[in-house]
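In our numbering, the protein residues as written are 920 to 1072.
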């Protein structure tokens, strides 16, 4: 590549970077909803969901949750959450660890709900993904079996 093309490309990318937004509109749920994260050891999924959303009643539809049937390593359990809803909040819960709430995402206007993440599970448990669309909560759940020693059985 010659020097002029390289400099032109660099200046073009620099100008484009100047037009990008400089602030994010993320909500720190650990500060605004502390009781959902820091509950007692017997904190259940329903308790955490009620603390976060005000209710634990969900409609089981419109949300896809992909997770392995058997996780050979509980320290790295891959999840994929997707939905065609125009949701405002996506939350992940599990009942295998002492704290049920795993993650909360705020979805920007016209955002696409398609998240991939990895979570830790101490033992076999159910993972639940909840999408808030207006005042309605939609969910999907999946039982994930965590094997000891990674033997797969």
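Note that the Cβ used here is the ideal one computed from N, Cα and C, for glycine as well.
Using the three-state DSSP reduction, which class does residue i fall into: helix, strand or coil?
i, result
"residue 928", "helix"
"residue 1063", "strand"
"residue 933", "helix"
"residue 995", "coil"
"residue 1005", "coil"
"residue 971", "helix"
"residue 1033", "strand"
"residue 964", "helix"
Hey, residue i and residue j are a contact pair by Cβ (cut 8 Å); roughly how many whole angstroms apart?
i, j, result
"residue 982", "residue 925", "Not confirmed; about 47 Å, so no contact."
With distance defined between alpha-carbon atoms, name the residue in the options nearest to residue i.
i, options, result
"residue 990", "1009, 1037 and 1029", "1037"
"residue 1042", "1029, 1002, 1025 and 1063", "1063"
"residue 1025", "1015, 1006 and 1014", "1006"
"residue 1001", "1035, 975, 974 and 988", "1035"
"residue 1027", "963, 965 and 1008", "1008"
"residue 1019", "986, 970, 987 and 993", "970"
"residue 995", "923, 922 and 1066", "1066"
"residue 988", "1040, 965 and 962", "1040"
"residue 1015", "928, 927, 922 and 963", "963"
In its own chain, which residues sit with a C-beta less than 8 Å from the C-beta of residue i, not counting the 5 before and 5 after it?
i, result
"residue 960", "Its pLDDT being 43, under 50, residue 960 is placed unreliably in this model, and the value from its coordinates should be taken loosely. Correct list, in chain order: 1017."
"residue 1060", "979, 984, 1045, 1046, 1047 and 1048"
Which residues in the same chain have their Cβ closer than 7 Å to the Cβ of residue i, if we skip the five residues on either side of it in sequence?
i, result
"residue 972", "1051 and 1056"
"residue 1004", "981, 1032, 1050, 1052 and 1057"
"residue 1021", "1011, 1012, 1013 and 1038"
"residue 977", "1049, 1056, 1057 and 1058"
"residue 975", "965, 968 and 969"
Please go through the same chain and pick out, in chain order, the residues whose beta-carbon is closer than 6 Å to the beta-carbon of residue i, but skip the five residues on each side of it.
i, result
"residue 997", "1037"
"residue 986", "998, 1046, 1061 and 1063"
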